[in-house]
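Colleague: Chains A and B, in that order, are what the protein sequence lines are. Residue numbers are given in our numbering: position 215 of the first sequence equals residue 1336, and the series is strictly consecutive. Residue numbers are given in our numbering: position 152 of the second sequence equals residue 1273, and the series is strictly consecutive. Structure below; questions to follow.
There are 2 protein chains.
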Amino acid sequence: MNKDFQIVGIGNAMVDILARCDDAFLSDAGVEKGIMQLIDMDRAVDLYSRIGPAREVSGGSAANTIAVIAQLGGRTAYVGKVKDDQLGQIFTHDLRAIGATYETSLAPKDHEAETGRCIVLVTPDGERSMNTYLGVTEFLAPEDIDDAQMAQAEWIYLEGYRFDGPDSKAAFAKAIDACKGAGGRVSLTLSDPFCIERHRDSFRQMIIDGVDLLFCNRAELLSMYQTDDFETALAQCGTEVDILACTDSENGAHVLAAGERWHLPVAPVEIVDATGAGDAFAGAFLWGLAEGHALDICGRMGNVAAGSVIQHIGPRPEADLRALFEKGGLV
Amino acid sequence: MNKDFQIVGIGNAMVDILARCDDAFLSDAGVEKGIMQLIDMDRAVDLYSRIGPAREVSGGSAANTIAVIAQLGGRTAYVGKVKDDQLGQIFTHDLRAIGATYETSLAPKDHEAETGRCIVLVTPDGERSMNTYLGVTEFLAPEDIDDAQMAQAEWIYLEGYRFDGPDSKAAFAKAIDACKGAGGRVSLTLSDPFCIERHRDSFRQMIIDGVDLLFCNRAELLSMYQTDDFETALAQCGTEVDILACTDSENGAHVLAAGERWHLPVAPVEIVDATGAGDAFAGAFLWGLAEGHALDICGRMGNVAAGSVIQHIGPRPEADLRALFEKGGLV
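Quick look at the structure:
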């Protein structure tokens, strides 16, 4: 293939507000630990007033994935809606500065919503609890999807979180049609167990109809297939997609494809902040795949990238991933 | 004294945009290394488009100092102008969240300027090169100074950078009068050699007329007294203020007061990012002084705080400074 883009990601565009807290704070503030919860602007203002000093960094699940691909030198673009405000400028700057293409039209300055943000509370165990005000990213619509861009994608990468919002499914359907119609392939991440609760049937239909590569973690896979048995869920899902890449925290990752299966363990590391671990895994995996590496190597690349991002505060890798791949004998 | 505030700081309120770069980038972009340079919005937009991915954290020299005092549990307030925009919300949140009082009226949403920001470029040697768009902080005026608040300050702390701007000197004069009239004392930081070039005569007059405690570093002291001889400058300045606290990078700090002099060395540390080192020194020193510690102990506290802040990216301490003081036998 000789397309403009190896991977085009579509997701919820947002800036992360990262702050540390203890478990008692989460309880007092009514924040459920370890998941992504949607909040409205009033709740965002209230919660923000209660957290300690924070730092702001570009986030958004698929955007983090695309940032990894761009850092590795991949040809990649991102589609997600921000407003023409200061946080929107931060988001678009950071993506473009790392080498990704960003052409989504900005929501105008008089849009009643603002650029989305996620208050990420990091507890001493490194777990992150996310509180997302979607803002204008909720309104990404089919007209924001450029058929020509999708047709120029070897892969598109769809973020499960992006299913929240009025026109989300129509936007994804348009992207899938344009990509597949031009011979491209479709990857999806399930994002979060509670996201699956909201959209299980739609996810399932999309997986069966058109997903070639599925990313998820153990909890998401179990939720998706409504079972407590990991092996059952892996086996079932493995029959429904060409490639399944399922992360499993300190147990590493499982990759299934064409009747083959690899378990790719990880070395233990101290977790400072788990934010972005799954995103980084997907980015490195997709880059490896687009570059023609074997699936087990792609999985190992994903492990290295995830292991790097959890060792510091913030959702995007700060280390030179290519250097880490070289050190690990992966490239 | 039984005043509401131990220290009230007045300075340029801004959010830092922190990015790494190499020395070649500084040359190509026309950024002078190691100093603070003022830039306009056009230059800010152009420079921002050229730097890599960044992170945003609240900054501002005096605000960093006040944040240190608040972290240590001091009774402290900050006066500096931001706009009612997203960066302004970040700045005020972070100060209040750490325990400082912030009551300055916000510039309205229709003000033509935005909240100030500083593009801080950090080179591999840990040096920081600052590019400041003042924005609305330039317009802090006498009417933003609350006489009653200044009268309730044991100390006011004035940031030299804040001399840039049309009403700055009048605002400082008002603050000094209100503070001194109520028996309070005045401290000043010289901020930057090039800032001194712009305002040497005004600084000198203020030092002679009303500054009780002066903070500076070696380069600033030499610039202030237009000499190459450090000892001469120290001696001269020592006759003009009650207390002189002069930092000297890896050589530690010199404190002069009432004919006495202390040299307070520092242990060598790896410098990741020098941003905020002087601010942290001043904050810890002022807190120590307000708490009644001896001047040499205040200087050592300043060294500990500065040494902590330079070991990570970002201008405000992330470590528990009180715990570090306890470990060092200072409290």
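Heads up, the beta-carbon is just placed ideally off N, CA and C, and yes, glycines get one too. Please read these numbers as outputs of a predicted model, since none were measured by experiment.
Indicate whether at least one CB of chain B lies closer than 8 angstroms to the CB of ASP1206 (chain A).
Modeller: ASP1206 (chain A) counts as touching chain B.
Colleague: Just verifying my parser: in three-state terms, what is the DSSP assignment at LEU1311 (chain B)?
Modeller: Here LEU1311 (chain B) sits in coil by DSSP.
Colleague: Can you tell me whether DSSP reads LEU1115 (chain B) as helix, strand or coil?
Modeller: Shown here, chain B extends from 1122 to 1452; a query on residue 1115 (chain B) therefore has no answer.
Colleague: Can you pull the DSSP bridge partners for ARG1238 (chain B)?
Modeller: B:VAL1136 and B:TYR1254, per the DSSP bridge assignment.
Colleague: Find the residues of chain B that neighbour ARG1196 (chain A), judging by a C-beta separation of less than 9 angstroms, and give them in chain order.
Modeller: Within chain B, no residue comes near ARG1196 (chain A); the closest Cβ sits about 18 angstroms away, beyond 9 angstroms.
Colleague: For the region 1238-1255 of chain B, enumerate the residues whose C-beta is nearer than 7 angstroms to any C-beta of chain A, in chain order.
Modeller: Those would be none; no residue qualifies.
Colleague: Looking at the secondary structure, which residues open and close the alpha helix (DSSP H) in which ILE1211 (chain A) lies?
Modeller: That run of the alpha helix (DSSP H) goes 1207-1218.
Colleague: Output needed in chain order: residues of the region 1153-1187 of chain B with a Cβ under 8 angstroms from some Cβ in chain A.
Modeller: Against chain A - using a Cβ distance shorter than 8 angstroms - the residues of the region 1153-1187 of chain B are TYR1169, SER1170, ILE1172, GLY1173, PRO1174, ALA1175, ARG1176, GLU1177, VAL1178 and SER1179.
Colleague: Report the three-state DSSP secondary structure of TYR1278 (chain A) (helix, strand or coil).
Modeller: Reduced to three states, the DSSP call for TYR1278 (chain A) is strand.
Colleague: Residues of chain B with CB closer than 7 angstroms to the CB of ALA1218 (chain A), please, in chain order.
Modeller: Simply ILE1172, GLY1173 and PRO1174.
Colleague: Sorted by chain position, which residues of the same chain lie with C-beta nearer than 6 angstroms to LYS1124 (chain B)'s C-beta, five sequence neighbours on each side aside?
Modeller: Hits under 6 angstroms: GLN1273 and GLU1275.
Colleague: Mind reading off the beta-carbon distance from PRO1245 (chain A) to ASP1143 (chain A)? Whole number of angstroms is fine, and I expect it under 8 angstroms.
Modeller: Right, the Cβ-Cβ distance comes to about 7 angstroms (below 8 angstroms), so this counts as a contact.
Colleague: Assuming THR1197 (chain A) is part of the beta strand (DSSP E), what are its boundary residues?
Modeller: Start and end: 1197-1200.
Colleague: Shorter than 8 angstroms from the beta carbon of HIS1232 (chain B) to some beta carbon of chain A?
Modeller: Answer no: the Cβ-Cβ gap between HIS1232 (chain B) and chain A never drops below 8 angstroms.
Colleague: Return the residue from the list A:THR1360, A:PHE1146 and A:PRO1389 that minimises the CA-CA distance to VAL1376 (chain A).
Modeller: It is A:THR1360 whose Cα lies nearest to the Cα of VAL1376 (chain A).
Colleague: Assign HIS1384 (chain A) to buried or exposed, taking buried as 16 or more other Cβ atoms, counted over all protein chains shown, within 10 Å of its Cβ.
Modeller: It counts as exposed.
Colleague: Taking GLY1428 (chain B) as part of the alpha helix (DSSP H), name the residues at either end of that continuous run.
Modeller: Unbroken alpha helix (DSSP H) run through GLY1428 (chain B): 1416-1430.
Colleague: Taking 8 angstroms as the CB-CB cut-off, is PRO1215 (chain A) touching chain B?
Modeller: Inspection of the sequence shows that residue 1215 (chain A) is occupied by Asp rather than by Pro. Chain B contact via Cβ: present.
Colleague: If distances are taken between C-alpha atoms only, which option among B:LYS1204, B:VAL1243 and B:ALA1183 comes closest to ALA1221 (chain B)?
Modeller: Checked all of B:LYS1204, B:VAL1243 and B:ALA1183; the closest Cα to ALA1221 (chain B) is B:ALA1183.
Colleague: For a cutoff of 8 angstroms on Cβ pairs, would you count ILE1431 (chain A) as touching chain B?
Modeller: It does not: the Cβ of ILE1431 (chain A) has no partner Cβ on chain B nearer than 8 angstroms.
Colleague: Suppose the cutoff is 7 angstroms on Cβ atoms and the five residues either side in sequence are ignored; what does the same chain contact list for GLY1132 (chain A) look like?
Modeller: So the list reads GLY1181, SER1182, ALA1183, ALA1184, GLY1201, GLU1280, TYR1282 and ARG1283, once near-sequence residues are dropped.
Colleague: Could you tell me which chain A residues have their CB closer than 7 angstroms to the CB of ILE1211 (chain B), listed as they occur along the chain?
Modeller: In chain order: GLU1177.
Colleague: Does DSSP put SER1323 (chain B) in a helix, in a strand, or in coil?
Modeller: Residue state, collapsed to three classes: helix.
Colleague: Report back the beta-carbon spacing between GLY1373 (chain B) and GLU1248 (chain B) to the nearest angstrom; my notes put them in contact at under 8 angstroms.
Modeller: Between GLU1248 (chain B) and GLY1373 (chain B) the Cβ distance is about 18 angstroms, and since that is not below 8 angstroms, they are no contact.
Colleague: Does the beta-carbon distance from ILE1138 (chain A) to CYS1239 (chain A) come in below 8 angstroms?
Modeller: Going by C-beta atoms, ILE1138 (chain A) is nearer than 8 angstroms to CYS1239 (chain A).
Colleague: With DSSP run on the structure shown, which of helix, strand or coil describes ALA1440 (chain B)?
Modeller: In the structure shown, ALA1440 (chain B) sits in coil (DSSP, three-state: anything other than H, G, I, E or B).
Colleague: ASP1400 (chain A): buried (16+ other C-beta within 10 angstroms of its C-beta) or exposed?
Modeller: When all chains shown are included, ASP1400 (chain A) counts as buried.
Colleague: If we count the other Cβ atoms within 10 Å of its Cβ and call it buried at 16 or more, is GLN1192 (chain B) buried or exposed?
Modeller: Buried is the call here.
Colleague: Terminal residues of the continuous alpha helix (DSSP H) containing ILE1190 (chain B)?
Modeller: 1182-1192 is the extent of the alpha helix (DSSP H) around ILE1190 (chain B).
Colleague: At the 8 angstroms Cβ level, is ILE1329 (chain A) part of the contact set with chain C, yes or no?
Modeller: Of the protein chains in this structure, namely A and B, none is chain C.
Colleague: Going by CA-CA distance only, name the one from B:THR1213, B:ALA1388, B:VAL1178 and B:ALA1379 that's closest to THR1396 (chain B).
Modeller: The option with the nearest alpha carbon to THR1396 (chain B) is B:VAL1178.
Colleague: For GLN1326 (chain A), count neighbouring Cβ atoms within 10 angstroms of its own Cβ and tell me buried if that reaches 16, exposed if not.
Modeller: Exposed, by the Cβ-count rule.
Colleague: Going along the chain, which residues of its own chain have a beta-carbon closer than 8 angstroms to the beta-carbon of ILE1211 (chain A), five neighbours each way excluded?
Modeller: Excluding residues within five positions, the ones whose Cβ falls inside 8 angstroms are VAL1136, GLU1177 and SER1179.
Colleague: Would you kindly check if the distance between the Cβ of GLY1404 (chain B) and the Cβ of ILE1187 (chain B) is under 8 angstroms?
Modeller: It is a contact, given that the beta carbons lie within the stated cut-off.
Colleague: Taking the beta strand (DSSP E) that VAL1166 (chain B) falls in, what are its first and last residues?
Modeller: Note, VAL1166 (chain B): premise wrong, no beta strand (DSSP E); alpha helix (DSSP H) at 1162-1171.
Colleague: Along the chain, where does the alpha helix (DSSP H) that runs through SER1344 (chain A) open and close?
Modeller: Run containing SER1344 (chain A): 1339-1345, per the alpha helix (DSSP H) assignment.
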